[in-house]
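Engineer: Chains as they are written, first to last, in our numbering: chain A, 139 to 442; chain B, 281 to 696.
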C-alpha cells in the first residue's frame, strides 16, 4: 500500500502541489487524473523520491522509500525515450540490473515480454531501429520487468494503437490480479473509467475529488441525462436546470441541478428537439471531470 | 554500491564500444604525432637523391672549395654527395645577369633546385643570394649558409696570411652533448628534443584525455536528460549512486585509453631504443593523471548536469577547453624554467597541476616537498569538486529549460 499524506511542493513562486493526500491499496488501480499542469507529474516524481517535497509524507507499506523499495517500484515516465545507439536487450538488462535483477534472469524475462509484445525480431537490434510505438512498448517492459510491487505509469496509453492499448490494459489487469499496487495518470477519462478502482482528481495542485469510482458515481446520483436527439441542441447548455453539459451533434450528456426530476427536465426540452433516446443514469467520469475541474458547460468540446 | 557499479559497468562497456571513443582513442595519438613529431621527422629525414645547386661566382674562387666542403660534410645515405654544385661562369655584371637568366630557366625546368649568387669580391662583400622556387627548404638553406660562413672565414684568414692548419684548428666544429642529471646523481645522456617531446607528449595526452572523455560525459548526460532516461535512472538509484557510477565508468574509460597509449608509447620507445621516462616518474605521473582526471570529471559533471540543450553543452565544452588549453600556453616557459616562481605557482593551481607536472617531471624532477604538496592540494580539490558536483548533479539533473545561473549554482552548493 502506498500512502501519501499532505504533500506540498513549491517551485520558487508556483505552488505545484498543495496538501495532496492519496492512498493506493494493494491489488488496486488508482487513477491520478487532472488537467494539464495540475501537479500530477510533480506528485509522481515526489512519490518516486526524485523531488524532495517541502513538506508531507510518503510511505510504501508504512515505510519511507529506501533502496529495497526502489527495487520494487516500476516507473514509466510521461515523456518517452531510450538510449538510441544501444542494443535493445542490453538496454533492458541495464535497467533491470539497476533494480537488482541478475543478467541471466533479466535476459529470460526480456525474452518472454518481448515475445508477448511481438518485438522478438528486434531482440539483438539497436533501439533506434524500433518505431516510436515499439519503443514505448519497450519502455513499458522496462518498467515492469523486475516484477515490481508498485507500478507507477505516467500516461501509459498515449501513443499506442488500439490493439496495443488492449494488450496494455490486459497486462495491467493481470498485474492487479497478482496484487500489485498500480497508479497511473491519464487525461483519458474513458480509460480511467474502465480500468481504475479508485481515482484521485487533482486540479491546481489540490485534490478536488477522490475515492472509489463506484462510490463517486453514487455520490453524483442518477441525475445525469444521456440524450440522443435530432435537431439543434445548442440551447441545452444554457438551460437553467442544467448544471454541466457536453453537447455534440446528436448526443448530449448533462448533469442536472440538484433534486431536479426527469419529468421536469423533459418538459423543458420537449417540442424543441426530436428525442430518440432519453436515459437517466450515473454520470460518466468525463462528465464528473468537467463538472469538478471546469464547473462549466461545454459545447462539443468533448473528452480530451 | 552495487547500483553504482551497475551504472559504471554500463557507462564503461557501452562507451568503450562507441565510435566516438574508438575515434578519439586512435585519432588522438595520430594527431599528436602529426602535430608534434611528424614535421621534425620529415624535416630531418635524409634526402634520397642528390640536389643540384647552381652557383654564380664572379670571383671564381669560391665554387670549388664550396663543392669540396659540401662533399665532405653532407652525404646521401648511399654515400654519394647530397649536393652537386653546378657552376655558371660569369665575370662581368652582364654575364652575371645572363647566367641568372639561364639558371632561372633551369629551375623552372626542374633541373636545378636553386642557385647561389656571390659578390664580386668575397673579401669586401660577404653578402650572397640564394634563388629558388622553394625557399622553404630550411635544411638546404641552413647548410648553404653554414658552409659559406665557414668557407668565407677561412678564406679571409688565409688572405691575412694565417697558416691553414691553424685555421683548420680554429674553425673546427664544436660538439655539444646535453647530460641530464637525475636526482640520484646518475647522469644520462639525453637529447634536448627527446625531453621536449616527452614533456610535450605527456601534456597533450592529458589534454586530449580530459577533453574527449569530458565531452563523452557531457554528451551522455545530455542524452539521458533529453530522452528522459534520467527519470528512470533516478527512480532506480540515488543521484549519488548514479554520479559515482558515471565517475567510475568514465575513469575506467580514461584508464583504458591511457593504458593503450602507454603500450603504444612503450612500443615506440623500445623500437627506437630510448627511454622516454623512468618507471618511478611514470608512476608519479600516473598519480597526477588519476586525480587530475577525477577533478575534471567532477567539473564536467557540475557543468554538464544543468545543461539541457546541445547548444549549451557546446558552450560549456568550449569554456572548459579554454581552461585546459591554458597549460599548453605556459608549456614552453615552464620547460625552459622549470624552477621559476611561475612554475611553482602554476603547479599548485589544481586544474593546472597534472599538466604542469606532466611537463616538469620529464624535464627536471621537482622536489619531494613540492610533489607531496601539490598532490595533497590536487587530491583535496578533486574530492571537494566531486562533493560539489554531487550537490549540483542532484539538484539540476532533473531540471529542464533555463540553465541555472552561476549564482543559483552557488546557492545549490551552499544548501545543506
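For every residue, glycine included, the Cβ atom is placed at its ideal position computed from N, Cα and C.
What residues in its chain sit with their C-beta under 7 Å from that of residue 432/B, if we drop five residues either side in the sequence?
Structural biologist: Taking the second chain and counting its residues from 1, one reaches residue 432/B at position 152. Here the set comprises 402, 406.
Engineer: Between which two residues does the beta strand (DSSP E) containing residue 414/A stretch?
Structural biologist: Along the first chain, read from residue 1 onward, the residue named residue 414/A stands at position 276. From DSSP, the beta strand (DSSP E) with residue 414/A extends over 412-419.
Engineer: For residue 408/B, write down the residues that DSSP places opposite it in a beta bridge.
Structural biologist: As a position in the second chain, residue 408/B is number 128, starting the count at 1. 398/B.
Engineer: Please state whether DSSP places residue 361/B in a helix, a strand or coil.
Structural biologist: Within the second chain, the letter at position 81 stands for residue 361/B. Three-state DSSP puts residue 361/B in a strand.
Engineer: Of all the beta strand (DSSP E) runs that stay within the bounds of the region 219-276 of chain A, which reach a length of 3 or more residues?
Structural biologist: Those beta strand (DSSP E) runs which fall completely within the region 219-276 of chain A and span 3+ residues do not exist here.
Engineer: In chain order, what residues of the same chain lie with their CB nearer than 6 Å to the CB of residue 395/B, ignoring the 5 residues before and after it?
Structural biologist: Within the second chain, the letter at position 115 stands for residue 395/B. 334, 383, 411, listed in sequence order.
Engineer: Output the boundary residues of the beta strand (DSSP E) element that contains residue 166/A.
Structural biologist: In the first chain, the residue the question calls residue 166/A occupies position 28. Segment: none, residue 166/A is in no beta strand (DSSP E) and carries neither H nor E.
Engineer: Does any C-beta atom of chain A lie closer than 8 Å to the C-beta of residue 514/B?
Structural biologist: Translated into the one-based positions of the second chain, residue 514/B becomes position 234. With 8 Å as the cut-off, residue 514/B counts as an interface residue toward chain A.
Engineer: Are the CB atoms of residue 330/B and residue 356/B within a distance shorter than 8 Å?
Structural biologist: Translated into positions along the second chain, residue 356/B becomes position 76. Translated into positions along the second chain, residue 330/B becomes position 50. Yes, Cβ-Cβ distance for residue 356/B and residue 330/B is below 8 Å.
Engineer: For residue 443/A, would you say it is in contact with chain B, using Cβ-to-Cβ distances shorter than 8 Å as the test?
Structural biologist: The requested residue 443/A does not occur in the structure, where chain A is confined to residues 139 to 442.
Engineer: Should residue 422/A go down as buried or exposed, given a rule of 16 or more other Cβ atoms within 10 Å for buried?
Structural biologist: Here residue 422/A refers to the residue found at position 284 when the first chain is read from its first residue. The residue in question, residue 422/A, is buried, as its Cβ has 16 or more Cβ neighbours within 10 Å.
Engineer: When you compare each of 332/B, 561/B, 528/B to residue 666/B by their alpha carbons, which one comes out closest?
Structural biologist: In the second chain, the residue the question calls residue 666/B occupies position 386. Ranking 332/B, 561/B, 528/B by Cα distance to residue 666/B puts 528/B first.
Engineer: Which stretch, first to last residue, makes up the beta strand (DSSP E) that contains residue 341/A?
Structural biologist: Locating residue 341/A in the first chain gives position 203, where the first residue counts as 1. Looking at the DSSP string, the run of the beta strand (DSSP E) that includes residue 341/A is 336-341.
Engineer: Mind checking the region 222-240 of chain A against chain B and listing, in chain order, the residues whose C-beta falls within less than 8 Å of any C-beta there?
Structural biologist: Listed by position, the residues of the region 222-240 of chain A near chain B (Cβ gap below 8 Å) are 222, 223, 224, 228, 232, 233, 235, 236, 237, 238.
Engineer: Provide the residue span of the beta strand (DSSP E) that contains residue 149/A, from first to last.
Structural biologist: Walking along the first chain from the start, residue 149/A turns up at place 11. First-last of the beta strand (DSSP E) with residue 149/A: 140-149.
Engineer: Note down, in chain order, each residue of its chain lying with its Cβ closer than 6 Å to the Cβ of residue 447/B, except the 5 sequence neighbours on either side.
Structural biologist: Taking the first residue of the second chain as 1, we reach residue 447/B at position 167. Cβ neighbours of residue 447/B beyond the five flanking positions: 434, 437.
Engineer: Just to make sure I have the definition right: I need the residues of chain B whose C-beta is within less than 8 Å of the C-beta of residue 202/A. Which are they?
Structural biologist: Locating residue 202/A in the first chain gives position 64, where the first residue counts as 1. In chain order: nothing, as chain B lies at least about 13 Å away.
Engineer: Whole angstroms are fine: how far does the CA of residue 378/A sit from the CA of residue 435/A?
Structural biologist: Against the first chain, residue 435/A aligns to sequence position 297. Against the first chain, residue 378/A aligns to sequence position 240. Confidence is the limiting factor: at residue 435/A the pLDDT is only 44, short of 50, which leaves the residue's position unreliable, though a coordinate-based value still follows. So the two alpha carbons sit approximately 11 Å from each other.
Engineer: Tell me, please, whether the CB atom of residue 588/B is closer than 8 Å to any CB atom in chain A?
Structural biologist: Here residue 588/B is taken as the residue at index 308 of the second chain, counted from 1. Answer no: the Cβ-Cβ gap between residue 588/B and chain A never drops below 8 Å.
Engineer: Can a CB atom of chain D be found closer than 8 Å to the CB of residue 313/A?
Structural biologist: Annotation note: the requested chain D is absent from the structure, which comprises protein chains A and B.
Engineer: Please identify, using Cβ separations under 9 Å, the residues of the region 177-191 of chain A that lie next to chain B, in order along the chain.
Structural biologist: Answer in chain order: 183, 186, 187, 188, 189.
Engineer: Near residue 350/A, which residues of its chain fall below 7 Å by C-beta distance, leaving aside the five closest residues on each side in sequence?
Structural biologist: To locate residue 350/A, count along the first chain from 1; it is residue 212. Excluding sequence neighbours, residue 350/A sits near 335, 336.
Engineer: On the premise that residue 573/B lies in contact with residue 531/B, defined as a C-beta separation below 8 Å, what is that separation, rounded to the nearest angstrom?
Structural biologist: Counting from one through the second chain, the residue named residue 531/B turns up at place 251. Counting from one through the second chain, the residue named residue 573/B turns up at place 293. About 6 Å separates the two Cβ atoms, so the contact holds.
Engineer: Can you tell me the Cβ-Cβ gap for residue 291/A and residue 322/A, rounded? I've got them flagged as a contact below 8 Å.
Structural biologist: Position 153 of the first chain, counted from the start, is the residue given in the question as residue 291/A. Position 184 of the first chain, counted from the start, is the residue given in the question as residue 322/A. Going by Cβ atoms, the distance from residue 291/A to residue 322/A rounds to 4 Å, so yes, they are a contact pair.
Engineer: Could you check whether residue 258/A and residue 279/A sit closer than 8 Å to each other, using their CB atoms as the reference points?
Structural biologist: As a first step, residue 279/A is located in the first chain; it is residue number 141 there, counting from the start. As a first step, residue 258/A is located in the first chain; it is residue number 120 there, counting from the start. Result no, Cβ atoms of residue 279/A and residue 258/A do not sit closer than 8 Å.
Engineer: Less than 8 Å between CB atoms is the rule here; does residue 211/A satisfy it with respect to chain B?
Structural biologist: The count along the first chain starts at 1 and reaches residue 211/A at position 73. Yes, contact with chain B.
Engineer: Measuring straight from C-alpha to C-alpha, what distance separates residue 338/B and residue 332/B?
Structural biologist: Reading the second chain from its first residue, position 58 is the one you call residue 338/B. Reading the second chain from its first residue, position 52 is the one you call residue 332/B. Straight-line Cα distance between these residues: approximately 19 Å.
Engineer: Taking residue 280/A as the query, report the chain B residues whose CB atoms sit under 9 Å from its CB, ordered along the chain.
Structural biologist: Counting from one through the first chain, the residue named residue 280/A turns up at place 142. Those are 512, listed as they occur along chain B.
Engineer: Relative to the ligand NAD, is the shortest distance from any of its heavy atoms to the C-beta of residue 426/B smaller than 7 Å?
Structural biologist: As far as ligands go, the structure on display features none, and thus does not contain the ligand NAD.
Engineer: Indicate whether at least one CB of chain A lies closer than 8 Å to the CB of residue 294/B.
Structural biologist: Here the question's residue 294/B lines up with position 14 in the second chain. Judged by the 8 Å Cβ criterion, residue 294/B is in contact with chain A.
Engineer: Which residues in the same chain have their Cβ closer than 6 Å to the Cβ of residue 568/B, if we skip the five residues on either side of it in sequence?
Structural biologist: On the second chain, residue 568/B is found 288 positions in, with the first residue counted as 1. The residues are 634, 637.
Engineer: Between which two residues does the beta strand (DSSP E) carrying residue 292/A extend?
Structural biologist: Taking the first chain and counting its residues from 1, one reaches residue 292/A at position 154. Note, residue 292/A: beta strand (DSSP E), 288-292.
Engineer: Select from 139/A, 271/A, 239/A the residue whose C-alpha is nearest the C-alpha of residue 285/A.
Structural biologist: Numbered from its first residue, the first chain carries residue 285/A at position 147. Closest option to residue 285/A, Cα to Cα, is 239/A.
Engineer: Show which residues of chain A have a CB atom less than 8 Å away from the CB atom of residue 298/B.
Structural biologist: Translated into the one-based positions of the second chain, residue 298/B becomes position 18. Residues of chain A passing the Cβ test: 223.
Engineer: Quick one: residues in its chain with C-beta nearer than 7 Å to the C-beta of residue 606/B, no 5 flanking neighbours on either side, listed in chain order?
Structural biologist: Position 326 of the second chain, counted from the start, is the residue given in the question as residue 606/B. The residues are 632.
Engineer: Return the CA-CA distance between residue 372/A and residue 308/A, expressed in angstroms with no decimal places.
Structural biologist: Indexing the first chain from 1 puts residue 372/A at position 234. Indexing the first chain from 1 puts residue 308/A at position 170. Distance between the alpha carbons of residue 372/A and residue 308/A: 39 Å.
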